[in-house]
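Engineer: Starting off with a structure, shown below.
Residue numbers (UniProt numbering): 1 to 280.
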C-alpha cells in the first residue's frame, strides 16, 4: 500500500508503503479511552474498556507486563481496530484465520464460527481485499493474534486514509496532551486541531457527540443512545432495550448487529448484551 507523506517524526507514512524510517509508528501510543471500568466480584481490580485505532506494528510491539494485559505507550489496550489487506484465509473447524497486512507488519486474526453453519460468516471477504478488523489482542504460545469481533469489507478506500489519520490524532492526544492545549497557537493551529477533534468524535471541543451517530440507521442510533445513557459495563440486554425504547425485539437485534459491525458497540456477557464503545 502507498500513501502520501504525513511528515514529521511521529511515524510519518512514506509513498513506498514502508511507513517511515522504522517501518511504522515507532513511538505510537494511540488509543481512545472508553468511559467506565469493570470490576471483579471482590472489587479489588478494575479494567478499563478501550477501543484504539492502531497499526499492526503497534500490536506486534505492544508491551505485555502481565498475561492478557497489553499496553501501548504505557496505556492499557483492550479492544483495537485497524485496516489491512487480507493476505491469506485459512478456514479451521471452529474459526477462520485471516493473515492481515497493513504495510507496517502482519498479524493473524482469528474469527470464531459456528461449525454447523453452512457458510462462513464473511463470504464477501477474499484474499487481496481490504477489511476493517475490530477485536482484542491475545497471546498464544509466545506469539499474539487478534480475536476478531468483526471483520468488515472496506469498500471506500478513503476509509484507509481516515483510519491512519485517526491513529495520528489519538497518538498526539496521548503524547502531547488534549487538543485544547494547542488551541492558543493561532488560526493555523486551530484549523489543524479542529480536524483532530472531528476525527476523534469529541476528544476536544470541536468533535461533539453527534459524530458518534453519523452513518447509523434511526433504530441503531436510538439503541446506541440508550446503552450510552445506561452506562453499564456488563452491557444491556436486548430485551431490556426493546422494552425501554419501545422498539420491537427484531428491530433491536438488527440495530445491535449494525452497531457491532460498525465498531460502535460490542457484546459482553453473551451475544444478547451490548455495551457502547465511546470516544471519550
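Even glycine gets a Cβ: it sits at the ideal position worked out from N, Cα and C.
Taking contact to mean 3 or more Cβ pairs, one atom from each stretch, closer than 8 Å, check whether the region 133-148 and the region 97-109 are in contact.
Structural biologist: yes
Engineer: What are the complete alpha helix (DSSP H) segments, minimum 4 residues, inside the region 55-102?
Structural biologist: With a minimum length of 4 residues, the continuous alpha helix (DSSP H) runs that stay inside the region 55-102 are 56-61.
Engineer: What is the rounded straight-line gap between the Cα of residue 99 and the Cα of residue 219?
Structural biologist: 34 Å
Engineer: Go through its chain and collect everything with a Cβ distance to residue 272's Cβ below 7 Å, but skip five positions before and after it.
Structural biologist: Same-chain partners within the cutoff: 237 and 238.
Engineer: Reducing DSSP to helix, strand and coil, say where residue 246 ends up.
Structural biologist: coil
Engineer: Can you tell me whether residue 227 is helix, strand or coil according to DSSP?
Structural biologist: In the structure shown, residue 227 sits in a helix (DSSP, three-state: H, G or I).
Engineer: Which partner residues does residue 130 have in the DSSP bridge list?
Structural biologist: 85
Engineer: Using the Cα positions of residue 130 and residue 226, report the straight-line distance between them to the nearest angstrom.
Structural biologist: Near 32 Å, if we compare the C-alpha coordinates of residue 226 and residue 130.
Engineer: Would a C-beta distance cut-off of 7 Å place residue 50 and residue 94 closer than the cut-off?
Structural biologist: no
Engineer: Taking the alpha-carbon positions, what's the residue 191 to residue 58 distance?
Structural biologist: Only weak support is given to the placement of residue 191: the predicted model assigns it a pLDDT of 37, under 50, and the value that follows is read from those uncertain coordinates. Their backbone Cα atoms lie some 28 Å apart in a straight line.
Engineer: What are the partner residues of residue 169, as DSSP defines its beta bridges?
Structural biologist: Paired residues: none, contrary to the question.
Engineer: Could you tell me which of 125, 159, 161 and 235 sits nearest to residue 281, measuring between CA atoms?
Structural biologist: No information on residue 281 is available, as it lies outside the stretch 1 to 280 that the chain covers here.
Engineer: Mind checking whether residue 133 and residue 70 have CB atoms under 7 Å apart?
Structural biologist: no
Engineer: Relative to the C-alpha of residue 265, which candidate in 233, 248 and 127 has its C-alpha closest?
Structural biologist: 233
Engineer: Give me the Cα-Cα distance between residue 247 and residue 267, rounded to the nearest whole angstrom.
Structural biologist: 19 Å
Engineer: Any idea if residue 138 is buried or exposed, counting beta-carbon neighbours within 10 angstroms, 16 or more meaning buried?
Structural biologist: Label assigned to residue 138: exposed.
Engineer: Per the DSSP calculation, residue 109 is bridged to which residue(s)?
Structural biologist: 98 and 146
Engineer: Quick one: what does DSSP say residue 125 is sitting in, helix, strand or coil?
Structural biologist: Secondary structure of residue 125 (DSSP, three-state): coil.
Engineer: Specify the secondary structure class of residue 216 as computed by DSSP and reduced to three states.
Structural biologist: coil
Engineer: In the structure shown, what three-state DSSP assignment does residue 152 receive?
Structural biologist: strand
Engineer: Are residue 101 and residue 84 closer than 7 Å when you measure CB to CB?
Structural biologist: yes
Engineer: So residue 125 packs on residue 72, CB below 8 Å; how close in whole Å?
Structural biologist: Between residue 72 and residue 125 the Cβ distance is about 26 Å, and since that is not below 8 Å, they are no contact.
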